[in-house]
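Working notes for the structure below.
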Amino acid sequence: MYPTPTWNAQYRLMREKRANELKRQKAIEEEAEKKKRKLEMEERKNPVETSERSDISSLTPSWKIGDDA
């Protein structure tokens, strides 16, 4: 028994819907990755965390800095 034309049309629409859903999901993931890379590049250009660390290390007494090992 062969599939009916209606079944073929429904199956094609289902495949197209799934393909569009996958494309949309991929686009969302790519956009998130792009934002993540952009933030990483900005952090490299303006290292806020390292300046905060240096401020914290300046508060540590000098006799404690060398005793870590």
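Per full-length UniProt numbering, the sequence shown starts with residue 1, numbered consecutively.
Note that the Cβ used here is the ideal one computed from N, Cα and C, for glycine as well.
Reduced DSSP category for residue i - H, G, I as helix; E, B as strand; rest coil
{"i": "residue 22", "result": "helix"}
{"i": "residue 6", "result": "helix"}
Residue i to residue j span [Cα, whole Å]
{"i": "residue 45", "j": "residue 15", "result": "45 Å"}
{"i": "residue 18", "j": "residue 41", "result": "35 Å"}
{"i": "residue 4", "j": "residue 11", "result": "11 Å"}
{"i": "residue 8", "j": "residue 30", "result": "33 Å"}
{"i": "residue 22", "j": "residue 37", "result": "22 Å"}
{"i": "residue 6", "j": "residue 26", "result": "30 Å"}
{"i": "residue 72", "j": "residue 24", "result": "Since the first residue shown for the chain is 1 and the last is 69, residue 72 is missing from the structure and cannot be characterised."}
{"i": "residue 33", "j": "residue 20", "result": "20 Å"}
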